[in-house]
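Residues 1 to 141 in UniProt numbering are what the sequence shown lists, from first letter to last. Just so you know, even glycine gets a beta-carbon here, dropped at the ideal spot from N, CA and C. Below you'll find the structure, written out as structure tokens, and then a few comments.
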Amino acid sequence: MFNNSIISERIGIITKSVNRLKLLASMPLEQFQVDEDAIDIAENRLRRALEALFDLGRHIVIKSGAGVPVDYRSVIDKLREIHCLPDDFAQNTIGMAGYRNRLIHDYNKVMPEEIYEIMQNRLTDLTQFCNYVLDFINKKK
Numbered sequence: 001m002f003n004n005s006i007i008s009e010r011i012g013i014i015t016k017s018v019n020r021l022k023l024l025a026s027m028p029l030e031q032f033q034v035d036e037d038a039i040d041i042a043e044n045r046l047r048r049a050l051e052a053l054f055d056l057g058r059h060i061v062i063k064s065g066a067g068v069p070v071d072y073r074s075v076i077d078k079l080r081e082i083h084c085l086p087d088d089f090a091q092n093t094i095g096m097a098g099y100r101n102r103l104i105h106d107y108n109k110v111m112p113e114e115i116y117e118i119m120q121n122r123l124t125d126l127t128q129f130c131n132y133v134l135d136f137i138n139k140k141k
């Protein structure tokens with residue numbers, strides 16, 4: 001069934017990243033925009049959190065027997081289909097797949113302001129994702 005090591009490791013990465021991002025989010029935007037180290041740390045932690053989220057989601061989908069997701073968007077779709085994620089949450093967070101790709105492939109276009117906005121307004125999505133996954137796993141036991 002589910003690999004507890006993968007689950008706990010990925011949730012740990014997400015949790016540590018969110019905690020670090022929350023600390024950076026306490027900086028005023030003007031300070032964040034000129035602090036290259038803060039920008040680098042935030043971008044790295046956000047990328048790591050999203051990579052862990054999609055690795056975790058892919059594991060849950062495959063081990064649940066829902067097939068193999070073909071891309072990151074389909075990870076969220078399949079988690080919704082197996083009732084791991086509620087419809088509204090899945091719809092609101094499916095854009096994380098695109099943002100993960102932006103961080104990896106269009107990294108030169110990522111602006112400090114957009115990372116800052118995510119730190120201010122979207123970190124709870126990462127935490128909520130972990131909560132939904134853990135609830136789903138506990139119901140399957």
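For His59, three-class secondary structure by DSSP: Numbered from 1 along the sequence shown, position 59 holds the residue referred to as residue 59. Look at His59 here: in three-state DSSP terms it is helix.
Beta-carbon proximity check, residue 142 vs Ile62, cutoff 8 Å: Lying before the first or after the last residue shown, residue 142 is absent from the chain, which here runs from 1 to 141.
Same chain, Cβ closer than 8 Å to Ser103, neighbours up to 5 away in sequence not counted: For the purposes of this step, residue 103 is identified with residue 103 of the sequence shown, where counting begins at 1. The question names Ser, but residue 103 in the sequence shown is Leu. Within the same chain, Leu103 has close Cβ partners Glu43, Leu46, Arg47, Leu50, Val110.
Collapsed DSSP secondary structure at Met119 in the structure displayed: Residue mapping note: residue 119 aligns to position 119 of the sequence shown, counting from 1. Helix.
Local conformation of Lys141 per DSSP, three classes: Sequence index remark: in the sequence shown, residue 141 carries index 141 (1-based). The answer is coil: DSSP assigns Lys141 none of H, G, I, E or B.
Cβ contact check for the region 13-20 and the region 52-61: 3 or more pairs under 8 Å: The region 13-20, when compared against the region 52-61, does touch it at the 8 Å Cβ threshold.
8 Å contact criterion, which Phe136 and Ile60 should meet: CB distance rounded: Residue mapping note: residue 136 aligns to position 136 of the sequence shown, counting from 1. Residue mapping note: residue 60 aligns to position 60 of the sequence shown, counting from 1. With 8 Å as the limit, Phe136 and Ile60 qualify as a contact, their Cβ atoms being about 7 Å apart.
Cα-Cα separation, Ile7 to Ser74: In the sequence shown, counting from the first residue as 1, residue 7 sits at position 7. In the sequence shown, counting from the first residue as 1, residue 74 sits at position 74. Taking the straight line from one Cα to the other gives about 19 Å.
Beta-carbon spacing of Tyr132, Arg100 below 8 Å: As a position in the sequence shown, residue 132 is number 132, starting the count at 1. As a position in the sequence shown, residue 100 is number 100, starting the count at 1. Taking 8 Å as the Cβ cut-off, Tyr132 and Arg100 do not qualify as a contacting pair.
Spatially closest choice to Lys22 from Phe129, Lys139, Asn138, Tyr116, by CA coordinates: As a first step, residue 22 must be located in the sequence shown, where it is residue number 22. It is Tyr116.
Distance between beta carbons of Leu79 and Ala90, contact taken as under 8 Å: Working through the sequence shown from its first residue, we reach residue 90 at position 90. Working through the sequence shown from its first residue, we reach residue 79 at position 79. Indeed they touch by this definition, with Cβ atoms about 7 Å apart.
Status (buried if at least 16 other CB within 10 Å, exposed otherwise) for Ser26: Taking the first residue of the sequence shown as position 1, residue 26 is located at position 26. Looking at its Cβ environment, which holds fewer than 16 other Cβ atoms inside 10 Å, Ser26 is exposed.
Three-way DSSP call (helix, strand, coil) for Phe136 in this model: What you label residue 136 is simply residue 136 of the sequence shown in a count that begins at 1. In the structure shown, Phe136 sits in a helix (DSSP, three-state: H, G or I).
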